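J.: Quick one: structure below, then a few questions.
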Amino acid sequence: MNILMVGAGSMSESLVRGWLASGVLPEQITMTNRSDRTRLTALQAELGVQIVDEEDVNAYDIVVLAMQPDGVIPYVQSKTWSTPLLVSVAAHIEPSEIEEASGLPAVCAMPNTPVAYRSGMTGLWFGPETDDTVRETATALFERVGRTAVTDAKTMSAFMAAAGCSPAFFYEIVGSMTPVLTDAGFDEATARQIVAQAMKGSAELLLHETRPTNDLIADVAAPDGPTDRGVGVLRSRDLADVMASALRESAREEVEQPKN
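For the sequence shown, full-length UniProt numbering begins at 1 and goes up steadily by one.
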């Protein structure tokens with residue numbers, strides 16, 4: 001498997017780090033970037049990947065389009081395509097647009113930055129020209145760096161809000177909790193680690209449990225105990241409405257973004 005990554009932004013770097021950690025060899029990944037040669041060279045020096053100035057797109061098994069959204073279709077139209085699987089990680093692009101411009105099957109993937117640590121959540125929107133082999137290849141590629149869910153035109157905005165925007169919500173929560181620990185005497189780094197590890201463990205439990213979240217809360221919230229009192233504060237401040245409203249707002253912004 002040989003991958004060409006077109007673009008060297010933060011998502012490109014996160015994916016490459018995750019793939020390398022999963023066992024993909026540095027010589028199997030080539031990166032190119034028109035706008036920042038210095039960054040490209042730095043990534044090569046640190047990660048050992050290949051870099052090119054002029055790429056032969058048909059020399060690769062998979063081409064990942066990771067440039068700004070308004071550059072995706074012009075880039076595809078500027079090339080003659082014959083062999084690779086095309087995967088776009090740019091927002092607001094539909095796979096059918098890429099298929100029309102390239103004549104090849106295409107997948108739109110929406111990963112989030114935890115893919116760097118193989119803990120990502122990626123939405124996969126398969127184009128109408130994709131077959132089972134293409135879908136299996138794309139799924140396997142992104143399951144190297146986390147979990148995947150199949151999305152489409154109807155569900156992609158909600159997915160992007162839930163998986164792509166929500167990490168910022170979680171960081172906001174961590175940021176609001178750590179001062180309580182520093183006030184108690186912990187240093188900043190330890191306070192952050194305590195909250196983050198508790199969040200990580202809770203997320204791991206959620207991935208393995210099928211019981212409703214209220215049942216999981218009841219497991220740790222004895223009546224009138226400290227957990228129960230804290231949950232009571234969250235509910236009295238209507239945390240459920242706050243979180244749902246934030247998610248809907250992020251999904252609404254995704255829907256309203258202009259297409260290129």
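Just so you know, even glycine gets a beta-carbon here, dropped at the ideal spot from N, CA and C.
Note that the structure is predicted; figures quoted are calculated from it, not measured.
Rounded to whole angstroms, what's the CA-CA distance from L216 to G185? Just pull it up for me.
T.: Each residue's Cα considered, the two are about 30 Å apart.
J.: Any chance the stretch 239 to 249 sits against the stretch 178 to 192, with 3 or more Cβ pairs inside 8 Å?
T.: no
J.: Would you grab the beta carbon distance between A153 and E94 for me? Rounded to a whole angstrom, and I think it's under 8 Å.
T.: 7 Å
J.: Leaving out the 5 sequence neighbours to the left and right, which residues in its chain are closer than 6 Å to C165 when beta-carbon positions are compared?
T.: S250
J.: In this structure, how does DSSP classify L86 when only helix, strand and coil are distinguished?
T.: strand
J.: Can at least three beta-carbon pairs, one atom from the stretch 134 to 144 and one from the stretch 40 to 48, be found at a separation below 8 Å?
T.: When C-beta atoms of the stretch 134 to 144 are compared with those of the stretch 40 to 48, fewer than three pairs fall below 8 Å, so the two segments do not count as touching.
J.: How is F126 classed by DSSP in three states: helix, strand or coil?
T.: strand
J.: On the DSSP bridge assignment, give the partners of R147 in chain order.
T.: M121
J.: Taking the runs of the alpha helix (DSSP H) that are 4 residues or longer, which of them lie wholly in the stretch 49 to 109?
T.: 69 to 77 and 95 to 102
J.: For the stretch 157 to 199, which segments carrying the beta strand (DSSP E) assignment without a break, of at least 3 residues, lie completely within its bounds, in sequence order?
T.: Here no run is fully enclosed.
J.: In whole angstroms, give me the CA-to-CA distance for D228 and T213.
T.: 14 Å
J.: Name, in chain order, the residues that DSSP records as bridge partners for I3.
T.: I29 and I62
J.: Can you tell me which of the three DSSP states P226 falls into?
T.: P226 falls in the helix class under three-state DSSP.
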